[in-house]
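Residue numbers (the working numbering): 19 to 178. Note that the Cβ used here is the ideal one computed from N, Cα and C, for glycine as well. Keep in mind it's a predicted model, so treat the numbers as computed, not measured. First up is the structure itself, then whatever we jot down about it.
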Amino acid sequence: MAYLKPAAKQQGIVLVVALIMVVAVTGIAVTLMSSSSVDIKITNAAFEREEAENLLMGNVQQLIAGEANKGGTSHFLYTRAQIPNGTLELPQIDDTTSTMSNLNNGALDLPCPRKFNFTAGISCNMVQVNSTITFGSKSRHTITVTSGIAQEMASLNTGG
19 MAYLKPAAKQ
29 QGIVLVVALI
39 MVVAVTGIAV
49 TLMSSSSVDI
59 KITNAAFERE
69 EAENLLMGNV
79 QQLIAGEANK
89 GGTSHFLYTR
99 AQIPNGTLEL
109 PQIDDTTSTM
119 SNLNNGALDL
129 PCPRKFNFTA
139 GISCNMVQVN
149 STITFGSKSR
159 HTITVTSGIA
169 QEMASLNTGG
């Protein structure tokens, strides 16, 4: 017990070291919390994009199915001459806007893309449908899907 200092001569160094440790731990905790909020924002943005992408793909499929069910009045049968200014606005589904353009070069119909059961005298009207949806806060972001559609039709006006 001869080596112990009397209590009156302690200067409070333990208190100072403890306060420094508390400040350091508090700084680490604040840093971790702020990076956690950034991670939450990134996760929410990825979720919103995935949700918008799924909604867009569903709307594109609904649009294509609707046009396919129209039979002879389908917009997919329109030739280049029937589409003013090169693009045609298709019906809007929910928040998805779609435009269609004809890919045929000139007045001739194109040969259909390869498939197993080829039929002579069948040609294709090639169209492209661009569908766009906006998402995010203040609708600042957009996703566009481009679909190529080959509509089979009987034609003697082939340009293959």
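6 Å Cβ shell around H159 - same chain, five flanking residues per side excluded: F153
field: Local conformation of T160 per DSSP, three classes
entry: strand
- prompt: Looking at E85 and F94, is the spacing between their C-beta atoms short of 7 Å?
  reply: yes
query: Does the Cβ of N87 have 16 or more other Cβ atoms within 10 Å, making it buried, or fewer, making it exposed?
result: exposed
- request: Could you check if M51 is buried or exposed, using at least 16 other CB atoms within 10 Å of its CB as the buried criterion?
  value: exposed
field: Touching by the beta-carbon criterion (3+ pairs, under 8 Å), the stretch 65–81 and the stretch 38–50
entry: no
task: Would you decide whether N120 is buried or exposed? Buried here means 16 or more other CB atoms lie within 10 Å of its CB.
output: buried
query: Around the C-beta of G177, are 16 or more other C-beta atoms found within 10 angstroms, so that it is buried, or is it exposed?
result: Because the pLDDT at G177 is just 49, under 50, the model does not fix this residue reliably, and the value given afterwards should be weighed accordingly. Exposed, because fewer than 16 other Cβ atoms sit within 10 Å of the Cβ of G177.
query: Can you tell me where the beta strand (DSSP E) with F153 in it begins and where it stops?
result: 140–153
- prompt: How should T114 be labelled, buried or exposed, when 16 other C-beta atoms within 10 angstroms of its C-beta is the threshold for buried?
  reply: buried
task: Can you tell me which of the three DSSP states G177 falls into?
output: Reliability of the predicted coordinates at G177 is poor, the pLDDT of 49 falling under 50, and the value obtained from them is presented with this limitation in mind. Of the three classes helix, strand and coil, the one that applies to G177 here is coil, per DSSP.
- request: Look at V147 and M171 and say whether their C-beta atoms are less than 7 Å apart.
  value: no
message: Assuming Q110 is part of the beta strand (DSSP E), what are its boundary residues?
response: 106–111
field: Distance between S54 and P102 (C-alpha atoms, nearest Å)
entry: 52 Å
field: Beta-carbon gap between I167 and A70 smaller than 7 Å
entry: no
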